[in-house]
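In the order they appear, the protein sequences are chains S and X.
Under the numbering used here, think of the first position of the first sequence as 56, with each following residue one higher.
Under the numbering used here, think of the first position of the second sequence as 4, with each following residue one higher.
Working notes, structure below.
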Amino acid sequence: MREKAFVHPYIPNSAPDVKAELMKAVGITDLEELYSEIPEHLRFRGELDLPEPMMAEWELRRHLEETLAKNTTCKDYLSFLGGGCWQHYVPAVVDEIVNRAEFVTAYCGGTYADLGKYQARFEFYSMLAEMLDVDAVSEPIYDWGAAAGLSIRMASRLTGRNEVLIPDNVSPERMAQIRTLCQPEIMPNSIKIILVDIDPETGGVDLEDLKAKLSDKTAAVYFEVPGYFGTVEKNASVISALAKSVGAQSVVGVDPVSLGVIAPPASYGADIICGDLQSIGMHMLCGGGQSGFIAFRDEAEYLAECPLAIYTIAETAVEGQYAYAEVLPERTSYEARDKAKDWVGTASGLWTIGAAVYMALMGPQGMREIGETILYNSNYAKQQLGEIEGVKVLYDTTFKEFVVNFDGTGKTVAEINKALEGKKIFGGLDLSADFPALGNSALYSVTEMHSKQDIDKLVSALKEVLK
Amino acid sequence: MKDVKLRKYHSASWDEPLIMEMGTKGERGIIPPKAAKEVAEKLGEAMDLLPAGMRRQKSINLPEVSQYHVLQHYLRLSQMTLGMDLGSDIGEGTCTMKYSPKMHDQVVNSSKFADLHPCQPQETLQGILEIVYGLEQYLKQISGMSKFTFQPGGGSHATYTNACLIRKYHEARGELAQRDEVITTIFSHPCDGATPATAGFKVITLMPDENGYPDLEALKAIVSERTAGIMFTNPEDTGIFNPKVAEYVKVVHDAGGLCFYDQANANGIMGIARAFDAGFDACHFNLHKTFSSPHGCEGPAAGAYGVREELAKYLPVPTVEFDGSKYYLDYDRPESIGKVRSFLGNLECVIRAYAWIRSMGAEGIKTAAQISVLNNNYMDQLLLNIKGVTRPYAEGKRRLEQARYSLGQVKEDTGVGTAEIRNRFSDFGIQGYWMSHHPWIVPEPFTPEPCETYSKEDLDYWAAALAQCVKEAYEDPEFVMNAPHAMANTKILDDSLVEDPERWACTYRAYKKKKSK
Numbered sequence: 056m057r058e059k060a061f062v063h064p065y066i067p068n069s070a071p072d073v074k075a076e077l078m079k080a081v082g083i084t085d086l087e088e089l090y091s092e093i094p095e096h097l098r099f100r101g102e103l104d105l106p107e108p109m110m111a112e113w114e115l116r117r118h119l120e121e122t123l124a125k126n127t128t129c130k131d132y133l134s135f136l137g138g139g140c141w142q143h144y145v146p147a148v149v150d151e152i153v154n155r156a157e158f159v160t161a162y163c164g165g166t167y168a169d170l171g172k173y174q175a176r177f178e179f180y181s182m183l184a185e186m187l188d189v190d191a192v193s194e195p196i197y198d199w200g201a202a203a204g205l206s207i208r209m210a211s212r213l214t215g216r217n218e219v220l221i222p223d224n225v226s227p228e229r230m231a232q233i234r235t236l237c238q239p240e241i242m243p244n245s246i247k248i249i250l251v252d253i254d255p256e257t258g259g260v261d262l263e264d265l266k267a268k269l270s271d272k273t274a275a276v277y278f279e280v281p282g283y284f285g286t287v288e289k290n291a292s293v294i295s296a297l298a299k300s301v302g303a304q305s306v307v308g309v310d311p312v313s314l315g316v317i318a319p320p321a322s323y324g325a326d327i328i329c330g331d332l333q334s335i336g337m338h339m340l341c342g343g344g345q346s347g348f349i350a351f352r353d354e355a356e357y358l359a360e361c362p363l364a365i366y367t368i369a370e371t372a373v374e375g376q377y378a379y380a381e382v383l384p385e386r387t388s389y390e391a392r393d394k395a396k397d398w399v400g401t402a403s404g405l406w407t408i409g410a411a412v413y414m415a416l417m418g419p420q421g422m423r424e425i426g427e428t429i430l431y432n433s434n435y436a437k438q439q440l441g442e443i444e445g446v447k448v449l450y451d452t453t454f455k456e457f458v459v460n461f462d463g464t465g466k467t468v469a470e471i472n473k474a475l476e477g478k479k480i481f482g483g484l485d486l487s488a489d490f491p492a493l494g495n496s497a498l499y500s501v502t503e504m505h506s507k508q509d510i511d512k513l514v515s516a517l518k519e520v521l522k
Numbered sequence: 004m005k006d007v008k009l010r011k012y013h014s015a016s017w018d019e020p021l022i023m024e025m026g027t028k029g030e031r032g033i034i035p036p037k038a039a040k041e042v043a044e045k046l047g048e049a050m051d052l053l054p055a056g057m058r059r060q061k062s063i064n065l066p067e068v069s070q071y072h073v074l075q076h077y078l079r080l081s082q083m084t085l086g087m088d089l090g091s092d093i094g095e096g097t098c099t100m101k102y103s104p105k106m107h108d109q110v111v112n113s114s115k116f117a118d119l120h121p122c123q124p125q126e127t128l129q130g131i132l133e134i135v136y137g138l139e140q141y142l143k144q145i146s147g148m149s150k151f152t153f154q155p156g157g158g159s160h161a162t163y164t165n166a167c168l169i170r171k172y173h174e175a176r177g178e179l180a181q182r183d184e185v186i187t188t189i190f191s192h193p194c195d196g197a198t199p200a201t202a203g204f205k206v207i208t209l210m211p212d213e214n215g216y217p218d219l220e221a222l223k224a225i226v227s228e229r230t231a232g233i234m235f236t237n238p239e240d241t242g243i244f245n246p247k248v249a250e251y252v253k254v255v256h257d258a259g260g261l262c263f264y265d266q267a268n269a270n271g272i273m274g275i276a277r278a279f280d281a282g283f284d285a286c287h288f289n290l291h292k293t294f295s296s297p298h299g300c301e302g303p304a305a306g307a308y309g310v311r312e313e314l315a316k317y318l319p320v321p322t323v324e325f326d327g328s329k330y331y332l333d334y335d336r337p338e339s340i341g342k343v344r345s346f347l348g349n350l351e352c353v354i355r356a357y358a359w360i361r362s363m364g365a366e367g368i369k370t371a372a373q374i375s376v377l378n379n380n381y382m383d384q385l386l387l388n389i390k391g392v393t394r395p396y397a398e399g400k401r402r403l404e405q406a407r408y409s410l411g412q413v414k415e416d417t418g419v420g421t422a423e424i425r426n427r428f429s430d431f432g433i434q435g436y437w438m439s440h441h442p443w444i445v446p447e448p449f450t451p452e453p454c455e456t457y458s459k460e461d462l463d464y465w466a467a468a469l470a471q472c473v474k475e476a477y478e479d480p481e482f483v484m485n486a487p488h489a490m491a492n493t494k495i496l497d498d499s500l501v502e503d504p505e506r507w508a509c510t511y512r513a514y515k516k517k518k519s520k
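Structure follows, in structure tokens:
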């Protein structure tokens, strides 16, 4: 009996008749002839050891769903995890748009054929620019850490200097990426990272230490608003001014969901701004919703040093009708290869469209309200937790996240979180390994998605756990 | 090829304003939850919870638009985007625009994945970790490598990861100060030059010999005790497989360098040839290309980066491990290069790649490769029959999954170049083609990749559309020069603004300011 041909729904020309027709047209009788250019010693003649294919869509779907069902999600449990990936509400219209087949499957198509993508992207730049109060926003990169590292490298090229000052409480994930991008010190063009002390009371930058470390070698001072510990730096203007006093750049990382209530970074002197879009319209996706951005004043030297693509609106022959074109394309690695400003590549483009829809839906009132709700909820949680015996909350002014210290409870964060898990709660991120100076502490994240009941539930669960 | 009827296509043309010009003051698109009344009363004014100098003074100048109209606006913009699902995207060579199964998207969107936080206790992430681990096992089979990371957020990010690993490897051996050169080839992706440069290396670029292969003699002449490694593709963008690739690897190995195989162009050789067998130390696959995760307007993407056993200790942390009963994250890897991306990378791409391989199996993977090469060889004949279309280099040798052609003759004869023909091309309802990475070694280039997704009818149609564009270039060059004609907008008036700070406007507020001057 003849073996049944392998015909796959994703491969139209695997159907025997058309395959034969193509083979005939190409002048081959065996598909092997297609590989005549690959010498035998490079050929893989074994069988790939892969599971048998699940050809029926339902069969595969069931397998995937059953596998993923082994997860417990932040919807199954009440979660207070944050630290760079946060649980915010994603409006239904955002999901509707980012799942449109046209956007999901577009790539680097023509500016005419994919006009809608370019317009949506331009609207993203334009709305984010309003949030940040600057005039130029780049295409996205992988995440905040990549954006921060590339921003610091921009600052280094702009100033011709190779030191960056960074407060000693940046997210370890982000810091690890920044270290990679700044390169090991053995490399001739590495950027030296100098850590600046933190004021133990406020969690803000220790200004005296900053002053002592600033010099004519400083390319940039990098700080975040809000910081990793949720702190809102009250001396942001002073820090930017100090950076500028030695000819350095003020590079600021922001969480955009805070910008309805927290001052825009340009207002306190930021020269280069970076951050992550995940909080404004992206699901957590186990860390897959991250998207870094870089923004700056519309000054030619900044655009010229930005590694990421930047687009301009352009007029067409028809009045009121626009098209889009890439600004200074010759500086990116697509054109300049190894002579480029760092590199550019496929990163997280779809999330700019998600963020555009989010900002358009929220408008000025929505951004303000969500900021207020987060301020209320997180400060309420902070107060309530602080009242539990043995529990201390650190730092006075925070947005969304805050540090909870359990030193007085005689229990480790790991023990506490394990017990909370038994009550279907994911407690805050354990900081004890990364920040030993903070003792037995955890980073709690409270957003607009938490109700008062959720917070009260956490408080009573903790009381029980700590009994 | 039987006669092809070209579509009388016209793109949706909504004449849609910018969102910043829409709506009226006070309209709402969505209302976020409010804090409980008792909470607000207890805490007083929300803004007072912030330091005085750090409160936003003026409300953000965002549009104020009702929900229906925001939806409608972005639906209209999506309609004015051809993407790949609607207009067959054979043209974007090097990108492997293959069908992304819809079922995978639905699974990725389900709460059981979408609502996961990457820092949850590992016992609550067993399902997703099982998939990550599973995909790693499959890619080990397909490449021959020993260990993978999925942390890189794109193909270029994987090549950057490799450059960091080369750095670490030589640092660990105490040779980094001496080994400061990385070699690449001109027909490899530009990131193979740009990312080692970013990682601090001096980059040497090999040009092709008369057959289109990277020049082996030139390679022998440039390797030295300064060589840190080589990073290149095979087949290169030309679609020509370099049969001597193992010799290149040996030359670099003998000089003490590491060899990285950029496998962005792997679709034609899955199950046919493996990076490991050609002697490479490391390779990467684009999960958003070869393994079917959609391109999503340039991401989210994933560069799966794999290495030989000896190099596994340098991979980014954490790695995903299995102890026989549970999956776990291993951060205890002291020789790791550190991190290149937060958390575990774009796991939505990992799920889709895993699902695609599970739907294919060994036979399906090989079939996909074979059919992609068959499709390309079939379309190659159609394209070379078009007047003025040439395919430089390696005459008489088969291309694999893609090929780089030239419209240089057409430009010479008619003045119409590849960029203009590309603008006209989409008027037939298919995506504009990829021309070439820079520099254009092949004059007036275009680089199609008719992967296994496309039917014979699609291939015939694509070639017929190109033939029509070329015919028009000869008969009515002005018409092509003024293309597009069936798109939602028309040609940019003056594209010199991209070099002019007085006129470029990267945001609407910049546009208004410059316009009012």
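Every residue gets a Cβ at the ideal spot worked out from N, C-alpha and C, and that includes glycine.
Inset, instruction - With DSSP collapsed to three states, give me the class of alanine 467 (chain X). - result: helix
Legend entry - Residues that DSSP places opposite methionine 234 (chain X) in a beta bridge: X:Phe263
Legend entry - Chain-order list of residues whose beta-carbon lies under 7 Å from that of glutamine 181 (chain X) (same chain, five-residue window excluded): Glu228, Arg229
Inset, instruction - Please check if any C-beta of chain X sits within less than 8 Å of the C-beta of methionine 422 (chain S). - result: yes
Inset, instruction - Would you list the one or two residues that DSSP bridges to asparagine 289 (chain X)? - result: X:Gly306
Legend entry - CB contact check: arginine 521 (chain X) to chain S, cutoff 8 Å: Shown here, chain X extends from 4 to 520; a query on residue 521 (chain X) therefore has no answer.
Inset, instruction - Would you verify that the beta carbon of cysteine 237 (chain S) is, or is not, closer than 8 Å to some beta carbon of chain X? - result: no
Inset, instruction - State buried or exposed for proline 199 (chain X), treating a residue as buried only when at least 16 other CB atoms are found within 10 Å of its CB. - result: buried
Inset, instruction - Answer with yes or no whether the minimum CB distance from isoleucine 389 (chain X) to chain S is below 8 Å. - result: no
Inset, instruction - Taking C-beta pairs closer than 7 Å, name the residues in chain X that aspartate 353 (chain S) reaches, listed in chain order. - result: Cys509, Ala513
Legend entry - Chain-ordered chain S contacts of methionine 50 (chain X) [CB-CB under 7 Å]: Val316
Legend entry - Span separating the alpha-carbon of isoleucine 328 (chain S) from that of serine 206 (chain S): 8 Å
Legend entry - Spatial neighbours of asparagine 68 (chain S) in its chain, beta-carbon cut-off 7 Å, leaving aside the 5 residues before and after: Lys74, Leu77
Legend entry - Per-residue contacts from tyrosine 77 (chain X) into chain S (C-beta, under 7 Å): The contacting residues are Ile152, Ala175, Val412.
Legend entry - Backbone secondary structure at isoleucine 510 (chain S) - three-state DSSP: DSSP places isoleucine 510 (chain S) in helix when its eight states are reduced to three.
Inset, instruction - Let me know the beta strand (DSSP E) ranges lying completely inside the segment 159 to 217 of chain S, each 3 residues or longer, listed in chain order. - result: none
Inset, instruction - Report the rounded CA-to-CA distance for proline 255 (chain S) versus leucine 119 (chain X), giving the unit in angstroms. - result: 33 Å
Inset, instruction - Determine, using beta-carbon pairs with one atom in the segment 285 to 299 of chain X and one in the segment 367 to 385 of chain S, whether at least three such pairs fall under 8 Å. - result: Judged by Cβ distances under 8 Å, the segment 285 to 299 of chain X makes no contact with the segment 367 to 385 of chain S, as fewer than three pairs qualify.
Legend entry - Residue burial classification, alanine 60 (chain S) (beta-carbon count within 10 angstroms, cutoff 16): exposed
Inset, instruction - Tell me whether threonine 367 (chain S) sits in a helix, a strand or coil according to DSSP, three-state version. - result: Here threonine 367 (chain S) sits in strand by DSSP.
Legend entry - chain S contact residues for aspartate 88 (chain X), given Cβ-Cβ distances below 8 Å: Ala156, Glu157, Val159, Thr160
Legend entry - Neighbour-count burial assignment, histidine 13 (chain X), 16 or more Cβ in a 10 Å radius: exposed
Legend entry - Beta bridge counterpart(s) of alanine 378 (chain S) as assigned by DSSP: S:Ala369
Inset, instruction - For alanine 2 (chain X), I'd like the list of residues in its chain whose CB is within less than 7 Å of its CB, leaving aside the five on either flank, ordered along the chain. - result: Nothing about residue 2 (chain X) can be reported from this structure: the residues present for chain X run from 4 to 520 only.
Legend entry - chain X contact residues for glutamate 228 (chain S), given Cβ-Cβ distances below 8 Å: Lys342, Ser345, Phe346
Inset, instruction - Step through the CB atoms of chain S and report whether any lies within less than 8 Å of the CB of glutamate 106 (chain X). - result: A small fix is needed here, since residue 106 (chain X) is methionine in this sequence, not glutamate. Cβ-Cβ to chain S under 8 Å: yes for methionine 106 (chain X).
Legend entry - Reduced DSSP secondary structure (H/G/I, E/B, other) of alanine 275 (chain S): strand
Legend entry - Beta-carbon contacts of serine 487 (chain S) that lie in its chain and below 6 Å, excluding the five residues immediately before and after: Excluding sequence neighbours, serine 487 (chain S) sits near Val468, Asn495.
Inset, instruction - For phenylalanine 116 (chain X), decide whether its Cβ has a neighbour in chain S, counting only Cβ atoms nearer than 8 Å. - result: yes
Legend entry - Paired residues, beta bridge with serine 65 (chain S) - DSSP: According to the sequence displayed, residue 65 (chain S) carries tyrosine and not serine. In DSSP, tyrosine 65 (chain S) forms no bridge with anything.
Inset, instruction - Compare the C-beta of threonine 467 (chain S) with all C-beta atoms of chain X and state if any pair is closer than 8 Å. - result: no
Legend entry - the segment 388 to 404 of chain X touching the segment 130 to 150 of chain X, judged by at least three CB pairs closer than 8 Å: no
Legend entry - Nearest to arginine 212 (chain S) (by Cα), restricted to the options X:Tyr264, X:Ala508, X:Thr201, X:Pro155: Ranking X:Tyr264, X:Ala508, X:Thr201, X:Pro155 by Cα distance to arginine 212 (chain S) puts X:Thr201 first.
Inset, instruction - Note down, in chain order, each residue of its chain lying with its Cβ closer than 7 Å to the Cβ of methionine 56 (chain S), except the 5 sequence neighbours on either side. - result: Summary for methionine 56 (chain S): the model assigns pLDDT 44, below 50, so the residue's position carries little reliability; its value from the coordinates is reported in the next sentence. The beta carbon of methionine 56 (chain S) is closer than 7 Å to none in its chain, skipping five residues each way along the sequence.
Inset, instruction - Could you tell me the distance, in whole angstroms, from the CA atom of threonine 152 (chain X) to the CA atom of asparagine 154 (chain S)? - result: 27 Å
Inset, instruction - Reducing DSSP to helix, strand and coil, say where methionine 56 (chain S) ends up. - result: Residue placement at methionine 56 (chain S) cannot be trusted, given a pLDDT of 44 that sits under 50; what the coordinates show is reported in the next sentence. DSSP places methionine 56 (chain S) in coil when its eight states are reduced to three.
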